[in-house]
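What follows is one structure encoded as structure tokens, with my remarks underneath.
Numbering (the working numbering), first residue to last: 517 to 593.
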């Protein structure tokens with residue numbers, strides 16, 4: 517269960533069925549990420565628990581810069 521720090525959780529209704537989604541466009545910098553990192557970002561939003569995955573991890577990924585060395589390690593589950 518996500519802590520939803522970025523208020524990105526919403527519902528998508530398709531043909532009478534509702535699906536829980538996490539909208540990465542709510543995260544500043546997400547639009548600049550390569551597709552593969554957008555998938556990872558969405559995973560972090562879904563699994564954010566405040567302990568293993570925090571808002572700091574999500575922000576660090578959203579601010580990813582391919583020209584610099586990373587300074588934050590994140591988990592992927």
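Even glycine gets a Cβ: it sits at the ideal position worked out from N, Cα and C. Since we're looking at a predicted model, the values are computed, not measured.
query, result
"Helix or strand or just coil, what does DSSP make of residue 551?", "helix"
"Going by C-alpha distance, which of 564, 584, 529 is nearest residue 523?", "564"
"Is residue 529 close to chain C, meaning its C-beta is less than 9 Å from at least one C-beta of that chain?", "Given the protein chain composition of this structure (a single chain), no chain C is represented."
"DSSP beta-bridge partners for residue 563?", "DSSP, once it has assigned bridges, lists no residue as partnering residue 563."
"List the endpoints of the continuous beta strand (DSSP E) containing residue 534.", "533-538"
"Does the contact criterion of 3 or more C-beta pairs under 8 Å hold for the region 525-534 versus the region 574-584?", "no"
"Is the Cβ-Cβ distance between residue 557 and residue 543 less than 9 Å?", "yes"
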